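Trainee: Reading the sequence shown from the start, the letters are residues 826 to 1211 in the numbering used here.
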Amino acid sequence: MNRRQLLRTAAALPAAAALHAAAPPPKTLKITAIETDVLKRPPATPYYDAIHPFGTESGSVVLRLRTDGGITGWASSSFGMIAGGPSVVQTILEREIKPVLIGQDPAFPRRIRAALWKALEYQGVGGPTQFAIAAVDIAVWDILGKSAGLPVYKMLGAFRDRIPVYSMCGWYYDNDADLGQYRRVIGEAVEQGYHAVKIKVGRDSIDDDVRRVRAAQDILGKGRRVMVDANQAFNRNEALRRGRVYQEMGCFWYEEPLPPQDMEGFAELAQQLDMRIATGENLNTKYAFADLIARRGADVVQPDNRRAGGVTEWMEIAAIADANGLELASHGGGETNLNMLLAMPNAIYMETGGPQKSMKDGELPGPREPGMSSEVSEEEIRRYRV
Ligand SMILES: [Mg+2]
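1) Which residues neighbour ligand 1 when neighbourhood means a C-beta less than 6 Å away from any of its non-hydrogen atoms? List them by chain order.
2) From L1166 to A1133, what distance separates their C-alpha atoms?
3) So, helix, strand or coil for T881, using DSSP?
4) Closest to M1197 by C-alpha separation, out of E919, T881, L981, would be which residue?
5) Determine the direct distance from the alpha carbon of F904 to that of V914, and round the result to whole angstroms.
6) Taking the continuous beta strand (DSSP E) assigned at F904, which residues delimit it?
7) Got a sec? Which residues, its chain only, sit under 8 Å from Q1096 by beta carbon, not counting five neighbours each side?
8) How is S912 classed by DSSP in three states: helix, strand or coil?
9) Quick test of your reading: E1035 and V1070, contact by CB under 8 Å. State the CB separation rounded to the nearest angstrom.
10) Tell me, please, whether the stretch 931 to 943 touches the stretch 962 to 973 by the rule of three or more beta-carbon pairs shorter than 8 Å.
11) Tell me the DSSP secondary structure of I958 in three-state form.
12) Determine the burial state of P839: buried for a count of at least 16 other Cβ atoms within 10 Å of its Cβ, exposed for fewer.
13) On the CB-based measure, 16 or more other CB atoms within 10 Å of its CB, does R1210 come out buried or exposed?
14) Which same chain residues, not among the five before or five after G960, have their C-beta less than 6 Å away from its C-beta?
15) Quick one: give me the first and last residue of the alpha helix (DSSP H) that I988 is part of.
16) What are the residues that DSSP puts in a beta bridge with P1212?
17) By the DSSP assignment, the alpha helix (DSSP H) with D1033 in it spans what residues?
18) I'd like to check one pair, I856 with L810: are the Cβ atoms closer than 9 Å?
19) State the DSSP-derived secondary structure class of L926, mapped to helix, strand or coil.
20) Does DSSP put Y1007 in a helix, a strand or coil?
21) Determine the extent of the beta strand (DSSP E) in which I917 is found, giving its start and end residues.
22) Between W1078, G1157, S883, V1026, which has its C-alpha nearest N1130's C-alpha?
23) Measuring CA to CA, which of I1031, G1012, R1028, G1027 is closest to R1049?
24) For A1119, does the three-state DSSP call read helix, strand or coil?
25) Judging by CA-CA distance, which residue of T954, A1148, Y998 is the nearest neighbour of P871?
26) Going by other Cβ atoms of all chains shown within 10 Å of its Cβ, with 16 needed for buried, is H877 buried or exposed?
27) Given this structure, state the Cα-to-Cα distance separating Y1079 from V863, to the nearest angstrom.
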């Protein structure tokens, strides 16, 4: 077809051309304001893992990104124990991130991440600074989902619409030498419909660990899984000694046996044990994960959506794990983790706990609402705002 014929053909299609011209150009959004609230929870009954006390000090930072299109992006970053953490994150958001963020187009999350890393490199992109960067990224993805009318997992390249979950319920409790409280919560998890539970180990002797694993397995019965989590409690020798025992007992994975910075220790342990080594909740950014994965220091990679980075960084970590044949699980639950896990073929579990209304066969379905489903209710903000 020559140019003249082409023009004639085009002229013969006025209706199609008009239709094309009538489609409105895609709206470009701009971030116009950022708002933050620090929430503080009242002290609850204390509970413990191998090294941390929980329940007395907890809170969160709620972030809202306003746009000129009327869409607001939400994120909520929680702290389980650091009393001052939320206000540090709030200060970073208000004083250092805000000037960089105002005027940015939320359709460019990687450009925003680059701008924030550049602005914050002086203190480094780890610790509370990364909590702040991650919250921005989560809120940006919430805006993108809402503007497209899709739940975020469908924008990330969905792989599935449900994901197996496990209950993190086997904590240490005060005055629980007979494991009465411990047994009760695991029994509740079974009643709630979970097919897997995670228990804490490593606070006491190996004999105590064996007692806890056995008690959990007795309650769960055949066909349900127990994961053990040592929360960095061991050195390399002890990690191997105990790991052999958990392996022998048939535990599904062995989480964070060593401090996160001991990458070489993780590599040695993963080679010496057949059972899955799970770790990653305390690593910042994909560079730390790339190091861990290159050393083959984990079988299940567990990025935390606050410490590892927001959605953008987390999904890159998940893809590096996938390319290395490794399984993926979340640290923690909630809608942000759910959206991300549903987009990855190597995802095996989301961490959660307590009753889940929509759980069926030990799995949770994907969120239906457009965006991240990361909004915090006005009532909750009013009630706990500092
Ligand atoms: Mg853990």
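Ideal Cβ positions, reconstructed from N, Cα and C, are used throughout, including at glycine. Predicted model only: the values in this text are computed from it and were never measured.
Mentor: Let me spell this out:
1) D1054, N1056, E1080, E1081, E1106
2) 15 Å
3) coil
4) L981
5) 10 Å
6) 897 to 904
7) R1121
8) helix
9) Per the sequence shown, the amino acid found at residue 1035 is Val instead of Glu. Indeed they touch by this definition, with Cβ atoms about 6 Å apart.
10) yes
11) helix
12) Low confidence applies to P839: its pLDDT is 49, below 50, so where it sits in the model is not reliable enough to give any reading.
13) exposed
14) One detail in the question is off: residue 960 reads as Ala in this sequence, not Gly. Cβ within range, chain order: L888, A900, S902.
15) Run containing I988: none in the alpha helix (DSSP H); it sits in the beta strand (DSSP E), 987 to 995.
16) The structure shown does not extend to residue 1212, since the chain spans only 826 to 1211, so no value can be given for it.
17) 1031 to 1045
18) Here the chain comprises residues numbered 826 to 1211, so residue 810 is not present and cannot be evaluated.
19) helix
20) helix
21) Premise fails: I917 is in no beta strand (DSSP E) and is neither H nor E.
22) G1157
23) G1012
24) helix
25) Y998
26) exposed
27) 34 Å
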